[in-house]
Every structure is written in structure tokens, then in C-alpha cells.
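Chemist: From first to last, the protein sequence lines are chains A and B.
Under our numbering, the first residue of the first sequence carries the number 209, and numbering increases by one thereafter.
Under our numbering, the first residue of the second sequence carries the number 714, and numbering increases by one thereafter.
Just so you know, even glycine gets a beta-carbon here, dropped at the ideal spot from N, CA and C.
One structure is given below, represented as C-alpha cells, and several questions about it will come after.
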Amino acid sequence: MTVSLAAFIFAAGAVAGALGIVLGLGGGIFLVPFLTLVLGFPVKSAAAISLATVIATSSAAAAARAGNHLMNLRLGMLLEVATAAGSLLGGITAQIVAESTLQRIFGVVAILVAAVMLARVNRRNVINDPRADPGRLGDRFYDAESGAVVTYRIKRLPLALAASFVAGNLSSLLGIGGGVIKVPVLNAWCGMPLRAAAATSALMIGVTATGGAIIYYGRGDLQPLIAAPAVLGVQFGSWAGLRLAEHASAKWLKLLMVTILVIVGGLMLVRSLR
Amino acid sequence: MKLNDRGSSALELTIGRVLRLGVGASSVLLGAGLLLALIHEADGVAKIVLTTAIVVLLATPAARVAISVVEYVRERDWLFVALTLIVLLTLAGSVVVAFWMPGS
Numbered sequence: 209m210t211v212s213l214a215a216f217i218f219a220a221g222a223v224a225g226a227l228g229i230v231l232g233l234g235g236g237i238f239l240v241p242f243l244t245l246v247l248g249f250p251v252k253s254a255a256a257i258s259l260a261t262v263i264a265t266s267s268a269a270a271a272a273r274a275g276n277h278l279m280n281l282r283l284g285m286l287l288e289v290a291t292a293a294g295s296l297l298g299g300i301t302a303q304i305v306a307e308s309t310l311q312r313i314f315g316v317v318a319i320l321v322a323a324v325m326l327a328r329v330n331r332r333n334v335i336n337d338p339r340a341d342p343g344r345l346g347d348r349f350y351d352a353e354s355g356a357v358v359t360y361r362i363k364r365l366p367l368a369l370a371a372s373f374v375a376g377n378l379s380s381l382l383g384i385g386g387g388v389i390k391v392p393v394l395n396a397w398c399g400m401p402l403r404a405a406a407a408t409s410a411l412m413i414g415v416t417a418t419g420g421a422i423i424y425y426g427r428g429d430l431q432p433l434i435a436a437p438a439v440l441g442v443q444f445g446s447w448a449g450l451r452l453a454e455h456a457s458a459k460w461l462k463l464l465m466v467t468i469l470v471i472v473g474g475l476m477l478v479r480s481l482r
Numbered sequence: 714m715k716l717n718d719r720g721s722s723a724l725e726l727t728i729g730r731v732l733r734l735g736v737g738a739s740s741v742l743l744g745a746g747l748l749l750a751l752i753h754e755a756d757g758v759a760k761i762v763l764t765t766a767i768v769v770l771l772a773t774p775a776a777r778v779a780i781s782v783v784e785y786v787r788e789r790d791w792l793f794v795a796l797t798l799i800v801l802l803t804l805a806g807s808v809v810v811a812f813w814m815p816g817s
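Set out below in C-alpha cells:
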């Protein structure tokens with residue numbers, strides 16, 4: 209490992225982390241293609257390194273939100289059963305399938321994520337009566353935007369479980385957090401306000417990414433020396449991104465990212481055919 | 714008005730503390746290990762420090778789940794004791810696959 213390679217990986221991690229936090233995605237969807245397309249790592253190694261960064265950033269994000277009741281612990285721990293099972297199966301699958309298959313799946317998922325970003329649903333699922341019953345799995349929290357305590361109920365639990373399973377599976381397979389699948393589903397179909405869905409998803413992602421990362425580590429795909437600058441870079445990037453986020457034009461940023469994701473997805477697909 | 718009537722506020726704060734501690738410790742170790750590796754003075758030490766850093770990082774979310782199990786036992790919330798135990802066992806399954814699954 210040379211100083212310049214370490215600096216290069218750190219910088220890539222920082223860019224991925226900043227983009228991730230500004231857009232509310234993890235950085236993994238940007239870091240994995242960088243490591244494979246630019247530095248020539250196999251998808252498995254790139255995914256393993258990316259999962260290490262995902263554990264660090266999602267845990268830091270969850271820790272920062274602890275105490276303001278945005279995290280729905282009970283729902284999170286219930287959905288974790290599905291997401292952990294998904295990540296275990298995904299980790300096993302990644303050991304079996306061919307490199308080109310992983311590239312193809314990544315390409316398709318990146319393009320689908322771009323489509324989801326384009327059509328990002330932003331419905332507010334709150335009941336403004338503080339005495340309303342949140343039900344068995346719902347919750348209430350203080351919403352700074354409306355300045356009141358809001359309540360929500362969870363609908364379509366089987367769908368939330370299924371989305372968590374798929375998210376866990378893709379997380380291990382591709383080295384992404386999987387929030388990009390869970391958050392829109394929880395928000396659009398299961399009744400969760402966006403910020404509560406994002407906080408709960410961040411909590412779950414730590415466990416999801418760990419299930420996959422352990423498998424990669426034991427198999428020798430997670431090289432600590434390469435993970436180190438990546439993890440530190442992504443953490444620096446998300447810290448910086450939080451400060452940049454206030455000034456950035458969300459709409460143009462989203463369009464830029466959609467473009468990048470489509471290009472990256474396309475490149476992965478092209479490479480898988482070779 | 715109490716925001717959460719299920720007593721899990723304390724758990725939320727404990728979880729926050731565990732996650733912050735784990736990520737902080739592993740980041741410091743990653744930084745130290747990376748520096749050692751880059752100056753090539755003590756490659757053996759660098760390797761040990763970096764490996765420890767990764768193990769601490771991987772153990773952090775698992776520790777969070779383990780603490781949740783204990784807390785739900787104290788609250789006698791048996792459904793959630795069972796759910797969090799299943800998650801912990803699934804992570805143990807990852808360890809088994811990682812180190813004992815044949816070939817690849």
C-alpha cells in the first residue's frame with residue numbers, strides 16, 4: 209500500500225460519503241463501482257470494503273439520532289429478523305455466483321435506484337393528534353417541521369418484512385446498505401414518515417451490513433488495509449456532506465446522481481458481457 | 714406528555730452510546746493501523762491493529778443487538794427477546810458460513 213493509493217481511496221470514500229449523506233443514500237452505491245471500474249477490484253472485494261464503510265456510517269448516523277425518538281426500535285428489531293436472514297443468504301450467494309453475474313445485478317440495481325430517485329415519493333404519513341393510538345408497532349415523535357408531536361401507524365407489515373429481506377440480500381451481494389429499498393417502501397406503503405423511516409433504516413443497516421461483512425471477512429475478501437482509508441474517507445465525507453447539504457440544490461444534485469447511476473450501471477452491464 | 718410509553722427510551726440512549734463507542738474505537742484503530750502500515754516501520758503491529766479495528770467494527774452492531782436482548786429480558790418482553798435472539802443467531806450463522814463453509 210502506497211501513500212498515494214491510500215490517499216486516492218480516502219478521497220473516493222469521501223466523495224461517496226458526501227454524495228451519500230446529501231442524497232440520503234449510503235455511499236456504497238458509488239464506492240463499489242469506483243473500486244471495481246477505476247481500481248480494478250473484483251466486485252466481491254469492493255462489496256466487502258463498502259460494507260465496512262456502511263457499518264461505520266450507519267452506526268454513526270443511528271447514534272446521532274438516538275434520543276429523539278425518530279428510530280422505531282420495535283419495528284426495526286422486528287424487520288431485522290428479515291434483513292439479517294436476507295444478508296446471510298446474500299453473503300452465501302455472493303460466494304457462489306460468478307463475477308459477471310454480480311456485475312450484472314449491480315448494473316440493474318443501480319439503474320433501478322436511479323429510477324426510484326427520479327420518482328421519489330414524498331408523502332407525509334402523520335396523524336397530528338398526539339393522543340391517537342400508534343398501534344402495536346407505530347410510534348410518535350416530535351416533528352420539528354410542524355412543531356408538534358406526530359403519530360403514525362404501521363400498515364402492510366408483510367410488505368415491510370419482504371422489502372427488508374430483499375434489502376438484506378442485495379446489501380450482502382453488492383455492498384450497499386439497502387436503505388434505498390427499505391426507506392421508499394416504508395414511507396410510501398407502510399405508513400412511516402420519511403425521517404422515521406430513514407432513522408429506523410439506518411439502525412437496521414448496521415446489522416444487515418455486518419451479516420454480509422463477516423462472511424466476506426472470513427473468506428478473505430475484506431482486506432483491512434484497503435478498508436481503512438475507505439472507512440475513514442467515507443466518515444469524513446459524510447461529516448463534510450452534512451454541512452454541504454444545507455447549501456446544495458437538492459433537485460440538480462438528484463438529477464446529477466441519477467445521471468451518474470445510469471452511467472455506472474451501464475458500465476457495469478457492459479463489463480459483465482465481456 | 715411522554716413520547717414513548719414503552720420504556721425503550723433508555724434503550725435508545727444505550728444503543729446510541731454503544732454504537733458511538735464502537736465506531737469511534739475502530740476509527741481510531743483504523744487510522745493508527747493505516748499510519749503504521751504507510752511508514753513501514755512495524756508491519757506486524759500494523760496488521761494486528763488493523764485486524765482488531767475491523768473486528769471491533771463488525772462487533773459493534775452485534776453488541777447493539779446483544780444489549781437489546783438483555784434489555785428486553787429485563788422488561789419481560791418475551792416476543793422481542795425472541796426476535797432479537799433470532800437476529801443474534803443469524804449473525805452467528807454468518808460467522809459459521811464465514812469460517813466453516815467448505816470451498817468457494
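(1) Under the assumption that Ile217/A contacts Ala438/A (Cβ atoms under 8 Å), give the Cβ distance between them as a whole number of angstroms.
(2) Pick helix, strand or coil for Arg789/B, following the three-state DSSP scheme.
(3) Can you list, in chain order, the residues of its chain with a C-beta nearer than 8 Å to that of Val240/A? Leave out the 5 residues immediately preceding and following it.
(4) With a Cβ-Cβ cutoff of 8 Å, do Leu367/A and Leu724/B count as a contact?
(5) Are Gly806/B and Leu296/A touching if we call contact CB-CB under 8 Å?
(6) The region 769 to 799 of chain B: which residues have C-beta closer than 8 Å to a C-beta of chain A, in chain order?
(7) By how many angstroms is the C-alpha of Val415/A removed from the C-alpha of Gly343/A?
(8) Any beta carbon from chain B within less than 8 Å of Pro250/A's own beta carbon?
(9) Roughly how many angstroms lie between the CA atoms of Ser480/A and Val305/A, to the nearest whole one?
(10) Pairing CB atoms from the region 755 to 767 of chain B with CB atoms from the region 790 to 809 of chain B, are three or more of them under 8 Å?
(11) Does the beta carbon of Met285/A sit closer than 8 Å to a beta carbon anywhere in chain B?
(12) At which residues does the beta strand (DSSP E) containing Ala327/A begin and terminate?
(13) Report the three-state DSSP secondary structure of Asp429/A (helix, strand or coil).
(14) Roughly how many whole angstroms lie between the Cα atoms of Val391/A and Ala405/A?
(15) Near Gly473/A, which residues of its chain fall below 6 Å by C-beta distance, leaving aside the five closest residues on each side in sequence?
(16) List the endpoints of the continuous alpha helix (DSSP H) containing Thr301/A.
(17) What did DSSP end up calling Phe242/A once you bin it into helix, strand or coil?
(18) Would Val423/A pass as an interface residue toward chain B - the criterion being a Cβ-Cβ separation below 8 Å?
Modeler: If we stick to the structure as given:
(1) 5 Å
(2) coil
(3) Val251, Ala254, Ala255, Ser258, Phe314, Leu382, Gly383, Ile384
(4) no
(5) yes
(6) Leu770, Leu771, Thr773, Pro774, Ala775, Arg777, Val778, Ser781, Phe793, Leu796, Thr797, Ile799
(7) 26 Å
(8) no
(9) 13 Å
(10) no
(11) yes
(12) From DSSP, Ala327/A is part of no beta strand (DSSP E); its letter is neither H nor E.
(13) coil
(14) 6 Å
(15) Gly315, Ala318, Ile319
(16) 281 to 304
(17) helix
(18) As written in the sequence, residue 423/A is Ile, which differs from the Val given in the question. Chain B, which has a Cβ nearer than 8 Å to the Cβ of Ile423/A, makes this yes.
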